[in-house]
Every structure is written in structure tokens, then in C-alpha cells.
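Residue numbering for the sequence shown follows this note's numbering, starting at 210 and increasing by one per position.
The beta-carbon is built from N, C-alpha and C at its ideal position, and this holds for glycine as well.
Down below is the structure, laid out as C-alpha cells.
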Amino acid sequence: MTEKSAQLTLGENTLDLPIYSGTIGPDVVDVGQLTAQGVFTYDPGFVSTAACESKITYIDGGKGILLHRGYPIDQLADHSDYLEVCYLLLYGELPNAAEKEKFESTINNHTMVHEQLRNFYQGFRRDAHPMAIMCGVVGALSAFYHDSLEISDERHREIAAFRLIAKMPTLAAMCYKYSLGQPFMYPKNDLSYSENFLQMMFGVPCEEYEVNPILAKAMDKIFILHADHEQNASTSTVRLAGSSGANPFACIAAGIAALWGPAHGGANEAVLDMLTEIGDVSNVDKFVAKAKDKNDPFRLMGFGHRVYKNYDPRAKVMRETCHEVLGELGIKDPLLELAMKLEDIARSDSYFIEKNLYPNVDFYSGIILKAIGIPTSMFTVIFALARTVGWVAHWHEMISGSYRIGRPRQLYTGSPQRDFVPLDKR
Ligand code: CMC
């Protein structure tokens, strides 16, 4: 924090608005005193608004940098594993060997879900979208774990975080199993986080499931790359829900709902649908033209980002991982060829260059998920599973500090006050 200020003249008054500096990144102007002057700031979409102070994740969209607790995402993706990144996001530091082992064993101890939760699944249609099921069952966790709902108790908050991180793979895999009509698989706690998820997705009780280490490593990398992303729509939703004092399970269910949309987490599913629809390299130009047409609502899914005006650093790692995984598995997927062609054309087109539209994290992730055998409808669920730690870390950071209920204001453009008109006079 500094003693800089900005002057704002409002009619006769000149206000001194304090400016605060973070460790890195843009300064912020504190506009809190404007309400007393009878004006609000106006920033639809929160393009210029810092809604909170945070120590978790930093993004420099211009340079294409993403840091978790100071560590660059590519270093974490190359050298760390998902549970270690979870620890880092939650506690602020990388764990030492003993802390890592204890954290892994704690998460493992919470992987099962209450047996009655199975009944919730039976209430859904078999063809329900798995994100619809996830919104319901994650919110329903608050009906089962009453002993971790006291949000003012730090230990309760910590246990709720463990439970959410540990149970998400189990709940996610249960969605898939339910859609197939196969029995739910219990977690196996001698497996790693990503191995366990694959076992619950693809194993069956009548056979031993052998985890392919290439797939487990790719899955783990995908989890790392989605773990957190600062104050995006779903994280802001979790913070807003949490600011009212709502319990963590309900807050994460709200985050899942916000993530579902195609402009956010739903984009990974939309990318694969789009690539399938394009079908062949010869159709790429037609779709690029559609994306550029102002009168056509079509957008190139997996392109563009509110914050990145450069290559999304997660997309860079995802692109490399995609080549590695397909190479190691010996898969030649025409969709990868199509995606690369689309990227080449879009990145040499003045429309995309001028608007700084680069591939984002979702552009290549679907191709890897498809190679792992995950159906398209589960893609956004994988994002939700991995992002849970980010949501929980932000929720915990907020509740541990001083916070007020989030309550944005508005520019009202509706009718001024008028008198009620009785039915026979309308
Ligand atoms: N294809 C074609 N044009 C685009 C695209 C696109 N994918 N994205 C943005 N534009 C254009 C847009 O039409 C607008 O043009 P103009 O200034 O002439 O009106 C300009 O670029 C700025 O777009 P915007 O919608 O004002 O930008 P935004 O910051 O509000 O939206 C976005 C960001 C990610 C929602 C948007 O780029 C988009 O819809 N992308 C496709 C969906 C997608 O891939 N989403 C995943 C985001 S990354 C994962 C995550 O964080 O969830």
C-alpha cells in the first residue's frame, strides 16, 4: 500500500482517492468514498474493477504470465503434481516432504461420499448433463457434513476444503457411471489423485483396472492447469455467495453453476463440438469468416480471453501436452490437425491479431481429454473438479480476513416513481 492518490473533480468538489499498490500488477484507486458523494462507479463486466485483495494468483494478461503464489504455471505443470499445487494454493507455500505426505493422506481419507448420496443420482434422468448433476450433488454435501459448516471455525473451514477436494473426483466419476448404467466405483486410496479418478471413471467391479501412467500424468497436468485463475466469473461467484455467510458446499455449487456457461468452463466442451462440426481442414476458412461476421453470433470457441491479450500460458503447456500424449499413445487424431490449422489461420488473420485473440486453455484440453477416453459432456466437470481448490482457497482467504457482504450497485434506467393503475383502467 502507498500514499499515492488520484484527484477526481465532481462538480464543486475535488476528492482525493487513495491509490494502493500490490506487490506486482496495476495499482488500484479506492473509490469507496464516492457513495457519500451520491455517485457510483460504472463498470459493467468488472473490466476495471478489483473486487478484493488476494495473495493467491497473479495474471499479467499482456505478457501471458500466470503465477500461483509466485510460481509460474509452466514450472508447476512440469515439476509439481496436482495435490502439491492444491497445498500451495491453500497454504501459500510448497509443502516439504512430511507436509506433502500428510496432506495426501488427509485427502485420501476423505475420498468416499456418504452412501445416501447415491440416491441423489437415481433421481436424475440417465441423459442429464453431468454439470446439472454436479450443481445438485455438490450443494447437497451441506446436508451431509454438518460437522464442517461453522464457517467462523478455522478447523471446520479446513475440513470442508479437504472434503471438497477429495470428493469431487468421486462425485464426478459417479455422474459418468450413472449415464452408462454401470455400478459406481469406490475410491481406492492406494492410488494417486488422478489415478484414482481414472479408476473410478473407467474401472468396473468385476475386473482389476490397470491405470495407464501416461493417461494419469496427462490427467494430473490438466488438473494443475485448471486449478486456479484469479477472480474469474466462477471464483467471483463463490466469493459473492460466501460473503453472505453461506456454507462452503453451497458456495462451490454456485461456482459450478457459473462455470457451466460456454463463455467460461463450458468452452472446452464447445471447442470439441465446434471442431467436430468444422469436420475438415477445407472448412476452416468458412468458420473463420463466420467468427469475423458481426451479424453472426458464432465465435471461435477456445479463442480470446478477458485478461490475456497474449498467448494463454496454460494453452502453451496444453498444446505441448496434447502432442506428447497423442504421440505416447500412438493416436493420430484428425481433430488435432484441424485445431492446429485453425490456430494458424486465425493467428495470421488481421481480425484476430488486432483483437489479440489467442487460443486459451480450453482450445487443446478437449483433444487430450478425448484421447484419455473422457466423453465431451464430462469436460466441464473435469474443469470444475480441478478448479474446486481455487474456489476453496479464495473462499477461505476471504472468510479468514475482514470482509463485507458483496453488494454491487446499479445505474437505474427503469421507470421513475409512478402510481398504481387499477386493472379496469389499464
Ligand atoms: N471469436 C471471434 N471473435 C471474438 C472471440 C472469438 N472467440 N472472442 C472475442 N471476440 C471479439 C468480440 O466479438 C469483440 O469484437 P468487437 O470489439 O468488434 O465487438 C472483441 O473480440 C472483444 O470480445 P469481448 O466479448 O468484448 O471480450 P470479453 O473479454 O468480454 O470476452 C471471452 C472474453 C472469453 C468470453 C470471449 O473471448 C469468448 O467468447 N471466447 C470464446 C469462448 C471461450 O473460449 N471461453 C473460454 C475462456 S478461457 C477459460 C475460462 O477462463 O473459463
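Any heavy atom of the ligand CMC closer than 7 Å to the beta-carbon of residue i?
{"i": "Leu578", "result": "no"}
{"i": "Leu217", "result": "no"}
{"i": "Met340", "result": "no"}
{"i": "Pro253", "result": "no"}
{"i": "Val150", "result": "Here the chain comprises residues numbered 210 to 635, so residue 150 is not present and cannot be evaluated."}
{"i": "Lys564", "result": "yes"}
{"i": "His473", "result": "yes"}
{"i": "Asp502", "result": "no"}
{"i": "Asn569", "result": "yes"}
{"i": "Ala476", "result": "yes"}
{"i": "Leu275", "result": "no"}
{"i": "Phe312", "result": "no"}
{"i": "Phe512", "result": "yes"}
{"i": "Leu594", "result": "no"}
{"i": "Asn519", "result": "no"}
{"i": "Leu509", "result": "yes"}
{"i": "His603", "result": "no"}
{"i": "Asn184", "result": "Only positions 210 to 635 of the chain appear in the structure, and residue 184 is not among them; the question remains open."}
{"i": "Arg515", "result": "yes"}
{"i": "His438", "result": "yes"}
Do residue j and residue i come within 8 Å of each other at the CB atom, strictly closer than that value?
{"i": "Leu299", "j": "Ala370", "result": "yes"}
{"i": "Ala524", "j": "Pro568", "result": "yes"}
{"i": "Ser452", "j": "Arg613", "result": "yes"}
{"i": "Tyr267", "j": "Phe333", "result": "no"}
{"i": "Ile433", "j": "Ala286", "result": "yes"}
{"i": "Met409", "j": "Pro396", "result": "yes"}
{"i": "Thr446", "j": "Ala467", "result": "yes"}
{"i": "Gly511", "j": "Val480", "result": "yes"}
{"i": "Ser586", "j": "Glu478", "result": "yes"}
{"i": "Ala436", "j": "Val598", "result": "yes"}
{"i": "Phe353", "j": "Arg618", "result": "no"}
{"i": "Cys155", "j": "Ile577", "result": "Nothing about residue 155 can be read from this structure; the chain reaches only from 210 to 635."}
{"i": "His319", "j": "Arg366", "result": "no"}
{"i": "Ile233", "j": "Lys213", "result": "no"}
{"i": "Asn504", "j": "Gly273", "result": "no"}
{"i": "Ser230", "j": "Asp239", "result": "no"}
{"i": "Ala498", "j": "Leu509", "result": "no"}
{"i": "His603", "j": "Arg364", "result": "no"}
{"i": "Leu620", "j": "Tyr385", "result": "no"}
{"i": "Pro281", "j": "Glu293", "result": "no"}
{"i": "Phe458", "j": "Gly348", "result": "yes"}
Quick check on residue i: buried or exposed, where buried means 16 or more other Cβ atoms within 10 Å of its Cβ?
{"i": "Gly241", "result": "exposed"}
{"i": "Tyr560", "result": "exposed"}
{"i": "Gln216", "result": "exposed"}
{"i": "Leu551", "result": "buried"}
{"i": "Cys344", "result": "buried"}
{"i": "Asp521", "result": "buried"}
{"i": "Ala306", "result": "exposed"}
{"i": "Arg327", "result": "exposed"}
{"i": "Asp633", "result": "exposed"}
{"i": "Asp628", "result": "exposed"}
{"i": "Asn222", "result": "exposed"}
Within the same chain, show all residues whose beta-carbon is closer than 7 Å to that of residue i, passing over the 5 residues directly before and after it, in chain order.
{"i": "Leu484", "result": "Leu544, Leu547, Ala548"}
{"i": "Ser403", "result": "Tyr291, Ala425, Met428, Asp429, Phe432"}
{"i": "Val322", "result": "Lys376, Thr379, Leu380"}
{"i": "Ala442", "result": "Ala467, His473"}
{"i": "Arg528", "result": "Tyr573"}
{"i": "Gly271", "result": "Lys518, Asn519"}
{"i": "Gln391", "result": "Val413"}
{"i": "Phe538", "result": "Checking the displayed sequence, the identity of residue 538 turns out to be Leu instead of Phe. Excluding sequence neighbours, Leu538 sits near Ile423, Ala580."}
{"i": "Ala463", "result": "Thr446, Val447, Ala450"}
Between residue i and chain D, is any beta-carbon pair separated by less than 8 Å?
{"i": "Lys634", "result": "The chain labelled as chain D is not found in the depicted structure, where only one protein chain is given."}
For residue i, which residues in the same chain have their Cβ closer than 6 Å to its Cβ, ignoring the five residues on either side in sequence?
{"i": "Leu380", "result": "Val346"}
{"i": "Gly474", "result": "Leu468, Thr589, Phe592"}
{"i": "Val534", "result": "Ala427, Ile577, Ala580"}
{"i": "Asn565", "result": "Lys518"}
{"i": "Phe496", "result": "Ile487"}
{"i": "Gly301", "result": "Arg278"}
Within the same chain, show all residues whose beta-carbon is closer than 8 Å to that of residue i, passing over the 5 residues directly before and after it, in chain order.
{"i": "Ser412", "result": "Looking at the sequence itself, residue 412 is Gly, so the reference to Ser does not match. Met394, Tyr418, listed in sequence order."}
{"i": "Cys295", "result": "Phe312, Ile316, Ile374, Ala436, Val598"}
{"i": "Arg335", "result": "Tyr387, Ser388, Gly390"}
{"i": "Asp283", "result": "Pro522, Lys525, Val526"}
{"i": "Gly623", "result": "none"}
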